[in-house]
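Residue numbers (our numbering), protein chains in the order written: chain F, 15 to 322; chain W, 459 to 679.
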């Protein structure tokens, strides 16, 4: 049975806080140690380089550093590290129960994600030079009597490469946050894009909610379908979600699938330097996935009414 | 509505533009001396007048565009109204068998539908009576449960639901365009151009008393 967030948080806190905190502190020590080694090596290089004393040692130290990095990066070494164990425990003992409380019967795989092709199905026009995705959630969803589907969520990070005049490469984040998709049993026969403000192209659709227009731009070839989909209730819910969580987001309804992406930044990751079970952070993760589900269902309800 | 949309002039911007023109004039005069171009006061005034004329043309065209969008939206309503009215003959046939004592209503609707066909559709006001009678008929159908179980009627109802939804969207679009046009024509300095060139106010679409009554009836049932 679904519990409210507060009760669930207290239960998880009592069961896991001690073990998590222990691992967090070990992870913090490990991180500080690694930073110490890295800074130490740099300092040594600089001193040897500037003074010239024992400059012949530089290549040897460099080789030692590379070997140390390779050895510590091996899969078995990573899995023994406190940081890995801390993140694993957090995702299994904290995130999994929170997610299954929102979606009964959901599966959560922290290491799985979408491929770039799966992400691009939604019609996002990101120029992707670097891509990563993890924390895949697959949740069974009952849309109405006799109609069930699955809703998928995962964290996605897309970046674009750029080079400066010196030829140095840097990466700019295009999107970092939660993306979702839900296939439905109705087909609107066209594509409607609800984007962040000032993003629409030539086929911008005007709507009758000033609050909505300030925050979103709608793009659609079929203006009538876009207006039918965006009822006053749907627009109000979108504005509420924006104002409550202060995350910008986009919704693409492409034929028989509802896609959404929310610019949350990194999600479902425990903090190493702060409280692992910070209430506000966990509540935000919980509320955002719940809001994404609620909005997708609301849009489905409208589609179900208009497509008979 | 947004206070000022992209591409729309606003008073502050216009004042800035006028000030900018007068700030450009002295350097323009200096440059004309430097390049030996004989730019007299008359030339400069002609430039200023030219800029103002271009600006007036831009405002006029913007009002024309907005008015055309209203007309386009209005014709969008007519398209779906026609689709709705095209369902009338089939609905009347289906209803006839079940609602014999509504014969008068059915005859009136059939007559109005013929008139609609003969005058090649017409505008929203002309079609209002047909629209109201048809809406009335749909309200009456609620009293005949056997009719609501009829398969043909159910299929027609599905089509009607789709058309009603499209019609509602078309009306919303119409109201958006009318509001935008009316707001544009009232703002300064567009209101000057609007009154000179006769850009009159457009009326928003409002539900008729019959339509409001049918909604009330449906809710009561």
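Glycine is no exception: its CB is placed at the ideal position from the N, C-alpha and C atoms.
*With contact counted as at least three CB pairs below 8 Å, one residue from each stretch, are the stretch 174 to 181 of chain F and the stretch 124 to 132 of chain F in contact?*
no
*asked:* I want to verify the contact list: residues of chain F whose CB lies under 7 Å from the CB of residue 628 (chain W), in sequence order.
replied: 238
*Residue burial classification, residue 154 (chain F) (beta-carbon count within 10 angstroms, cutoff 16)*: exposed
*DSSP-derived helix/strand/coil call for residue 112 (chain F)*: helix
*asked:* Within 8 Å, do at least three Cβ pairs link the stretch 627 to 637 of chain W to the stretch 547 to 555 of chain W?
replied: no
*Check whether the Cβ of residue 320 (chain F) lies closer than 8 Å to any Cβ atom in chain W.*
yes
*Span separating the alpha-carbon of residue 276 (chain F) from that of residue 191 (chain F)*: 6 Å
*From the beta carbon of residue 220 (chain F), is the nearest beta carbon of chain W less than 8 Å away?*
yes
*At 9 Å on the CB atoms, spell out the chain F contacts of residue 530 (chain W), in chain order.*
In chain order: nothing, as chain F lies at least about 10 Å away.
*Please state whether DSSP places residue 123 (chain F) in a helix, a strand or coil.*
strand
*Give the DSSP bridge partners of residue 231 (chain F), in chain order.*
F:209
_With the cut-off set at 8 Å, would you say residue 273 (chain F) and residue 195 (chain F) are in Cβ contact?_
yes
*Counting Cβ pairs, one atom from each stretch, are 3 or more of them under 8 Å apart for the stretch 643 to 659 of chain W and the stretch 511 to 518 of chain W?*
yes
*Taking just the CA atoms, how far does residue 322 (chain F) sit from residue 627 (chain W)?*
16 Å
*Would you call residue 293 (chain F) buried or exposed, if buried means 16 or more other Cβ atoms sit within 10 Å of its Cβ?*
exposed
*Applying a beta-carbon distance threshold of less than 8 Å, which residues of chain F neighbour residue 623 (chain W)?*
242, 319, 320
*Where residue 633 (chain W) meets chain F, residues with beta-carbon distance less than 9 Å*: 222
*For a contact meaning CB atoms closer than 7 Å, what does residue 616 (chain W) contact in chain F?*
322
_Tell me which residue opens and which closes the alpha helix (DSSP H) that residue 299 (chain F) is part of._
293 to 320
*Specify the secondary structure class of residue 262 (chain F) as computed by DSSP and reduced to three states.*
coil
*asked:* Need the endpoints of the alpha helix (DSSP H) that residue 533 (chain W) sits in, please.
replied: 499 to 544
*Classify residue 264 (chain F) as buried or exposed, calling it buried when 16 or more other Cβ atoms lie within 10 Å of its own Cβ.*
buried
*asked:* Spatial neighbours of residue 162 (chain F) within its chain, please: C-beta separation below 8 Å, excluding the five flanking residues on both sides.
replied: 154, 155, 156
*Counting only beta-carbon atoms, is residue 540 (chain W) nearer than 8 Å to chain F?*
no
*Where residue 571 (chain W) falls: helix, strand or coil (DSSP)*: helix
_Buried or exposed for residue 70 (chain F), going by 16 or more other Cβ atoms inside 10 Å?_
exposed
*Using 8 Å as the threshold, is the stretch 196 to 205 of chain F in touch with the stretch 234 to 249 of chain F, meaning 3 or more CB pairs across them?*
yes
*DSSP-derived helix/strand/coil call for residue 290 (chain F)*: coil
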